[in-house]
Structure formats: structure tokens, C-alpha cells
Amino acid sequence: MEVAIRAASGRDMDRVAEIYAHYVTSTVVTFDTAPPTAGAWQARLGDLTGRGLPFLVADAGGEVAGYAYASPWKSRPAYRCTVEDSIYLAPGWTGRGLGRRLLDALLDACAAAGVRQVIAVIADSGDGASAGLHGRCGFTEAGRLAAVGHKHGRWLATVLMQRDLTGAPIT
Numbered sequence: 003m004e005v006a007i008r009a010a011s012g013r014d015m016d017r018v019a020e021i022y023a024h025y026v027t028s029t030v031v032t033f034d035t036a037p038p039t040a041g042a043w044q045a046r047l048g049d050l051t052g053r054g055l056p057f058l059v060a061d062a063g064g065e066v067a068g069y070a071y072a073s074p075w076k077s078r079p080a081y082r083c084t085v086e087d088s089i090y091l092a093p094g095w096t097g098r099g100l101g102r103r104l105l106d107a108l109l110d111a112c113a114a115a116g117v118r119q120v121i122a123v124i125a126d127s128g129d130g131a132s133a134g135l136h137g138r139c140g141f142t143e144a145g146r147l148a149a150v151g152h153k154h155g156r157w158l159a160t161v162l163m164q165r166d167l168t169g170a171p172i173t
């Protein structure tokens with residue numbers, strides 16, 4: 003099936019909420035413990051697009067198979083050119099190269115928006131898929147935070163990865 007990467011719209015947010023709810027309730031890859039409503043996703047979409055930041059979906063024949071967006075890394079003004087990326091695929095769509103397509107498109111859209119640094123905060127759950135994807139897309143490990151999240155009876159660390167969109171080496 004042909005999959006198109008496109009800008010998200012309000013009509014996509016029910017499916018985005020459904021995809022994310024799976025990860026909130028069934029996994030430790032997000033530290034959220036209650037799934038946001040479609041209305042909360044609508045508000046997030048409005049906020050991010052209002053800031054000129056990308057929110058993309060993978061459209062598989064009219065159904066959202068995954069999504070990716072960039073959000074502000076921190077609220078302080080000096081961080082305005084640094085974002086955090088988020089990528090989630092619907093169950094059944096993993097392992098098909100869709101995450102790579104979404105992340106590549108997101109990085110291109112971030113560069114076009116004037117972003118200089120993209121940060122990935124990855125739950126260190128023992129599954130290296132997300133870190134591997136980010137590494138293949140040019141991210142390098144920037145640090146680890148031990149036991150910073152507690153979910154489903156487990157203490158979890160995070161791995162911080164970083165990608166410079168200017169081409170300059172990270173020092």
C-alpha cells in the first residue's frame with residue numbers, strides 16, 4: 003500500500019489519540035500514564051503549527067498509520083531553535099521503514115522551519131528500535147538519565163540523543 007507523508011490536520015487527531023493511547027496503556031516508551039483526548043491532540047496540533055513547527059502523519063490509503071512532530075525543547079527563549087521529536091507508529095506498521103520516512107521528513111521540515119538542534123528523549127526500555135532509528139538518521143547519544151520515570155512497576159532511564167541540522171559537529 004502506498005503511504006504518503008503529509009502535514010497533519012484536525013481530522014487526523016482521533017486516530018493520533020488512538021495510536022498514542024496504545025503506547026500509554028501498554029508500554030513504557032512514553033512516560034504519560036493517562037492517554038490525552040483527541041481534543042488535547044487538537045490543541046497540541048494548533049499550538050505546534052502556530053509556532054511554525056511540523057506535525058506530520060503517514061497516510062496509508064486515508065488511514066493514519068503513524069505520526070511525528072517537533073515540540074519546543076524548553077520554554078526559555080534561548081532554546082527557541084531547539085526541539086524535541088516524537089514519533090509513533092500504529093501497531094502493525096512497525097518494521098516497514100515508516101518510522102524512517104517520518105523521521106527523515108520531520109528533520110527536513112524542522113530544518114525548513116529554522117530549527118538547529120533536534121533532541122530525542124528515548125525511554126531506555128530494553129528495546130533499541132527507537133535509538134537505532136535515531137542513530138541511522140544521524141543522531142548521536144548526548145547522555146543518559148538514570149531512573150527518572152516510574153511506570154508499570156518499573157524504574158526507567160532515558161537516553162538523550164541529539165542531531166544538529168546545520169551540519170556543524172556537536173561539541
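When the letters of the sequence shown are read in order and numbered with the working numbering, they come out as residues 3 to 173.
Beta carbons are placed, not taken as given, at the ideal position from N, Cα and C, and that holds for glycine.
If only complete runs of 4 or more residues are kept, the stretch 35 to 98 shows the alpha helix (DSSP H) at 40 to 52, in order along the chain.
Under a 10 Å Cβ-count criterion, T160 is classified as buried, with 16 or more other Cβ atoms of the shown protein chains found around its own Cβ. By the neighbour-count definition (other C-beta atoms within 10 Å, threshold 16), M163 is a buried residue. For E20, the enclosing alpha helix (DSSP H) has its first and last residue at M15 to S28.
Annotation for H136: the continuous alpha helix (DSSP H) segment containing it runs A131 to R138. Assignment of G101 by DSSP, reduced to helix, strand and coil, places it in the helix class.
Burial of Y69 is indicated by the presence of at least 16 other C-beta atoms within 10 angstroms of its C-beta. With a 10 Å radius around the Cβ and a threshold of 16 neighbouring Cβ atoms, W157 comes out exposed. Comparing C-alpha distances from A6 to each of P37, T35 and A67 shows the shortest one belongs to A67. Annotation for G151: the continuous beta strand (DSSP E) segment containing it runs T142 to K153. A straight line joining the alpha-carbon of T84 with that of E4 spans about 32 Å.
For L104, the number of other beta carbons within 10 angstroms of its own is at least 16, and it is reported as buried.
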